[in-house]
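Under the numbering used here, think of the first position of the sequence shown as 12, with each following residue one higher.
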Amino acid sequence: MSESQVYQHYQTRNFIPFRLGRGSSPRPNDTPSPSRSPAPQSPGSFGMYSQPPQQAQGHPHMLLNAAGQPHTRYMQKNIAQAFQAQHQHHQPLHQPQQPSQLSDRVLAHPGANNSQNGLSGHQHTYSGGTIGASGFASQQQQQQQQQQQQQQQHLSNGIASSLQTNANVTGHWEKQLQLAQISRQSGSPHHQARVAATKTKTGVGAKGGSTVLTTAEDNEDEGSTGANENEKRPIQQRKLTEKDKRQEWFALDFGGQGLRALAENLFNYTFLDKLYINHNQLKSLPSSIGKLKLLTYLDASSNQLTEIPAEIGMLTNLKTLLLFDNHIQNLPGEMGTLFQLEILGVEGNPLKENLRTKIATDGTSALINYLLESSQIELPDPTREWNVLDGSTLEGKPSTEGDPHKFSIISYNILCEKYATPQAYGYVPSWALAWDYRKTLIGSDILSSNADIVCLQEVDLNNFEDYLSPTMAYQDYKGAIFQKTRARNFGAQETRQVDGCAIFWKTTKFNLLDKQVINFQQLAINRPDMKKATDIFNRVMPRDDVATIIYLENKLTGGRMIVANAHLFWNPVFEDVKLIQTAVLMEELGKLANKYVANPPPSKIQKVEGEEEIPEVKYPNGASIPLVVCGDFNSLGDSGVYELMTKGAIEAHHPTLGGRDYGPYSEEGISHPFNLKSAYSIFPDFPFTNYTPGFNGVIDYIWYSTNCMQVTGLLGEVEKEYMSKVAGFPNIHFPSDHLMIQAEFYMKPPRKEVQKPPPPDFGVTSRK
Numbered sequence: 012m013s014e015s016q017v018y019q020h021y022q023t024r025n026f027i028p029f030r031l032g033r034g035s036s037p038r039p040n041d042t043p044s045p046s047r048s049p050a051p052q053s054p055g056s057f058g059m060y061s062q063p064p065q066q067a068q069g070h071p072h073m074l075l076n077a078a079g080q081p082h083t084r085y086m087q088k089n090i091a092q093a094f095q096a097q098h099q100h101h102q103p104l105h106q107p108q109q110p111s112q113l114s115d116r117v118l119a120h121p122g123a124n125n126s127q128n129g130l131s132g133h134q135h136t137y138s139g140g141t142i143g144a145s146g147f148a149s150q151q152q153q154q155q156q157q158q159q160q161q162q163q164q165h166l167s168n169g170i171a172s173s174l175q176t177n178a179n180v181t182g183h184w185e186k187q188l189q190l191a192q193i194s195r196q197s198g199s200p201h202h203q204a205r206v207a208a209t210k211t212k213t214g215v216g217a218k219g220g221s222t223v224l225t226t227a228e229d230n231e232d233e234g235s236t237g238a239n240e241n242e243k244r245p246i247q248q249r250k251l252t253e254k255d256k257r258q259e260w261f262a263l264d265f266g267g268q269g270l271r272a273l274a275e276n277l278f279n280y281t282f283l284d285k286l287y288i289n290h291n292q293l294k295s296l297p298s299s300i301g302k303l304k305l306l307t308y309l310d311a312s313s314n315q316l317t318e319i320p321a322e323i324g325m326l327t328n329l330k331t332l333l334l335f336d337n338h339i340q341n342l343p344g345e346m347g348t349l350f351q352l353e354i355l356g357v358e359g360n361p362l363k364e365n366l367r368t369k370i371a372t373d374g375t376s377a378l379i380n381y382l383l384e385s386s387q388i389e390l391p392d393p394t395r396e397w398n399v400l401d402g403s404t405l406e407g408k409p410s411t412e413g414d415p416h417k418f419s420i421i422s423y424n425i426l427c428e429k430y431a432t433p434q435a436y437g438y439v440p441s442w443a444l445a446w447d448y449r450k451t452l453i454g455s456d457i458l459s460s461n462a463d464i465v466c467l468q469e470v471d472l473n474n475f476e477d478y479l480s481p482t483m484a485y486q487d488y489k490g491a492i493f494q495k496t497r498a499r500n501f502g503a504q505e506t507r508q509v510d511g512c513a514i515f516w517k518t519t520k521f522n523l524l525d526k527q528v529i530n531f532q533q534l535a536i537n538r539p540d541m542k543k544a545t546d547i548f549n550r551v552m553p554r555d556d557v558a559t560i561i562y563l564e565n566k567l568t569g570g571r572m573i574v575a576n577a578h579l580f581w582n583p584v585f586e587d588v589k590l591i592q593t594a595v596l597m598e599e600l601g602k603l604a605n606k607y608v609a610n611p612p613p614s615k616i617q618k619v620e621g622e623e624e625i626p627e628v629k630y631p632n633g634a635s636i637p638l639v640v641c642g643d644f645n646s647l648g649d650s651g652v653y654e655l656m657t658k659g660a661i662e663a664h665h666p667t668l669g670g671r672d673y674g675p676y677s678e679e680g681i682s683h684p685f686n687l688k689s690a691y692s693i694f695p696d697f698p699f700t701n702y703t704p705g706f707n708g709v710i711d712y713i714w715y716s717t718n719c720m721q722v723t724g725l726l727g728e729v730e731k732e733y734m735s736k737v738a739g740f741p742n743i744h745f746p747s748d749h750l751m752i753q754a755e756f757y758m759k760p761p762r763k764e765v766q767k768p769p770p771p772d773f774g775v776t777s778r779k
């Protein structure tokens, strides 16, 4: 939401309690992307400080339930009584006010209740986590003295003095001052939770159930895609799982508690959307704050913070970050990744002059962009281990690099130049997003893999012809590309910018026998049995995704192989479309395999010195031809696409189809004749192949025929320590939002055909 919306939200206390249920906006995932990992740990399993969720829902350190009754199980009895006594004693000062009253009071008393380091409204003296009786006796006098001292200290602050006395205060800083004054009025214990409970009692917002504080951004249209259908969207929202739907609160209010530290268990509540830790005595924020990646609202105002941890840059969903009245002088460069941040509250901090000037004159977005572009963030070079699997030793023979029966293959969505825009990837510095920088890393990744076959998605014709093909040719590669079908609708120049799927192969090892394109759109609508299937025309036909197919012959062994490289539709709402595209892909591969099996074996086979004569390779049927299917399938491991690829069939009226009419696909089910398995299924906990702030998950695959191949090596994941500091890809080390995945296979030699001996000839005999 805009700065004016935040200001209005503060002034009116327009928090709307609601119960997450039918029609509510989906929670973002640890979340497919355009191009989606296993679901994050279910928030439904979390309870307050490891207590079961049903015990935690009434905890006083969270937003109150519908009845507005705090659960006091975790609060010391004398503290609760002391708070109650103080509220009675100071009723005129701390009684909840109506929005209009609060606004008037803020304007009439701009210096009231200033609190830079202590608690506004409840200036308790804390010792060892408890409040002594003697502290309450003189509390009112101490509170008045603290307010006076803090008001003077605040007005003498470099920021306030330089801007408040300036007749030309900018609109950006004027709102900073207004929001800061309002923040100083919110220092009572659990202020936000009490406001939410009050609203619920008076009938404002949802009735019944748990409540959370919402702002304008909570009411966004759930069905909005925010992107053109023909363009890739890097940040997607996942659908709620059943466990997510059972989570009934998403905000915690620890405000005004005099806390000196935050328990580590708090940061296991990764489902949190809002966190209030304002008006405490915190001197630092733990690095674990980076775990709360779904936070959109964080208020740490009126503490004793002197710095912000670099891990704050992991909270890329933040829209509001309030740090009023602390001792912060500098901001970490990692904050540059907070590309969705709309309000950064820093008034009341001795901020460096350049940072103060930037936010005062140009606003929050300008400051974040300044940090993004100018900060030098040091990250260690990432490592990915090559995993040699047990299968690398076959029948007691060690695997050797020169084994002619082995080959390696990579699948890599390189993020098309046209799609890598600052609007889509606002967390990436412009220099790191530029194609000239990224293409060098991409080329280095590919060539250093030394793969025999390279499958690339999102390759436009320009870069295929002008960069990739010449670069790969130096290492004895040749390539083929087929673009998305929209290319035929543009002029010559625009056509060259349309992306597609490309495959390169080493000419020293393979001969190209054939290449084909699978146009999902055209093949689906041209089937005679689909003429009356309306959803084919309404949902599948508008998508112009394709797959590139090549048919290779091994120069050394004579073995042949089909390699497919596909890129399916990105939108997670269209799971049915992806399933139909997969069905078309596998159906066409079956037809091609049956066609290729009729081809005679190569007439000339290069012999390897020292080996016995290589047998002629014959395949009894299409399904026996080795097949590798690579690509960006935009589908998780629990999807209908994954089920079809690995199981070979799905039943009629599969839930993924959503009851839609896809002719025989809906009525009879879908199947294919190949025995396929994901190479990375050996690592079921592999975290992701696509990593953005809004989503990380495994959506890229290398499937292979299990009847004639076995996996001997895999490229591993990025080390976890490195990933703990990275908000999303691309970045300085990874040029795409996808990881390159690589597998090495051993092609099982075909069995020699055993010729039956002729029947015995006993000659002519006579019987007497």
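Note that the Cβ used here is the ideal one computed from N, Cα and C, for glycine as well.
query, result
"Does DSSP put residue 555 in a helix, in a strand, or in coil?", "coil"
"Looking at the strands, I want to know which residues DSSP matches up with residue 574.", "561, 639"
"Assuming contact is defined by CB atoms lying nearer than 9 Å, are residue 284 and residue 312 in contact in what I supplied?", "no"
"For residue 484, does the count of other Cβ atoms within 10 angstroms reach 16, so buried, or fall short, so exposed?", "exposed"
"Quick check: what's the CA-CA separation for residue 734 versus residue 343?", "18 Å"
"Just the C-alpha distance for residue 37 and residue 307, rounded to the nearest angstrom, thanks.", "Caution applies to residue 37, whose pLDDT of 40 falls short of 50 and renders its modelled position unreliable; the model cannot decide the point."
"Entirely within the stretch 467-514 and at least 3 residues each: give me those beta strand (DSSP E) ranges in chain order.", "488-494"
"Given this structure, state the Cα-to-Cα distance separating residue 91 from residue 364, to the nearest angstrom.", "Unreliable placement is indicated for residue 91, whose pLDDT of 38 sits below 50; no coordinate value is reported for it."
"Give the single residue among 699, 714, 713 whose Cα lies nearest to the Cα of residue 707.", "699"
"If you pair each beta-carbon of the stretch 372-383 with each one of the stretch 197-212, do three or more pairs fall below 8 Å?", "no"
"Within this structure, are the beta carbons of residue 498 and residue 472 separated by less than 9 Å?", "yes"
"Please state the DSSP three-state secondary structure of residue 569.", "coil"
"Among the residues of its own chain, which have a CB less than 7 Å from the CB of residue 439, if the five just before and after it don't count?", "741, 742"
"Classify residue 141 as helix, strand or coil using the three-state DSSP reduction.", "Note that residue 141 has pLDDT 35, beneath the 50 cutoff, so the model's placement of it is unreliable and the number below is only indicative. Note: residue 141 maps to strand in three-state DSSP."
"For residue 423, report the span of its beta strand (DSSP E) as first-last.", "417-424"
"Applying the 10 Å Cβ sphere with the 16-neighbour rule, what's the burial state of residue 522?", "exposed"
"So which of 356, 298, 287, 332 has the shortest CA-CA distance to residue 188?", "356"
"Please report the distance separating the alpha-carbon of residue 567 from that of residue 718.", "21 Å"
"Give the secondary structure of residue 751 by DSSP, where H, G and I count as helix, E and B as strand, and everything else as coil.", "coil"
"Measure the C-alpha to C-alpha separation of residue 461 and residue 606 and round it to an integer number of angstroms.", "31 Å"
"Are the CB atoms of residue 331 and residue 300 nearer to each other than 9 Å?", "no"
"Here's the rule: buried if 16 or more other CB atoms are within 10 angstroms of the residue's CB, otherwise exposed. What is residue 773?", "exposed"
"Can you check which of these residues, 645, 328, 206, is closest to residue 347 by C-alpha distance?", "328"
"Taking the alpha-carbon of residue 629 as reference, which of 609, 638, 182, 641 has the nearest alpha-carbon?", "609"
"Using DSSP bridges, identify the partner residues of residue 721.", "757"
"For residue 339, which three-state DSSP category applies?", "coil"
"In this structure, does DSSP put residue 522 in helix, strand or coil?", "strand"
"Could you compute how far the alpha carbon of residue 419 sits from the alpha carbon of residue 713?", "11 Å"
"Given a threshold of 16 other Cβ atoms within 10 Å of its Cβ, counted over all protein chains shown, does residue 130 qualify as buried or as exposed?", "Caution is warranted here: a pLDDT of 35 is assigned to residue 130, below 50, making its placement in the model unreliable, and the coordinate value is therefore given only provisionally. Buried, since its Cβ has 16 or more Cβ neighbours within 10 Å."
"Apart from the five residues on each side of it in sequence, which residues of its chain come closer than 6 Å, Cβ to Cβ, to residue 665?", "651"
"For residue 295 versus residue 316, is the C-beta spacing smaller than 9 Å?", "yes"
"Using 9 Å as the limit for Cβ to Cβ distance, is residue 533 near chain B?", "Here there is only one protein chain, and chain B is not present."
"Give the DSSP bridge partners of residue 660, in chain order.", "682"
"Bridge partners of residue 647, per DSSP?", "Bridge partners of residue 647: none, in fact."
"Counting pairs of Cβ atoms below 8 Å between the stretch 510-529 and the stretch 557-566, do you hit three or more?", "yes"
"Can the beta-carbon of residue 203 be found closer than 9 Å to that of residue 280?", "no"
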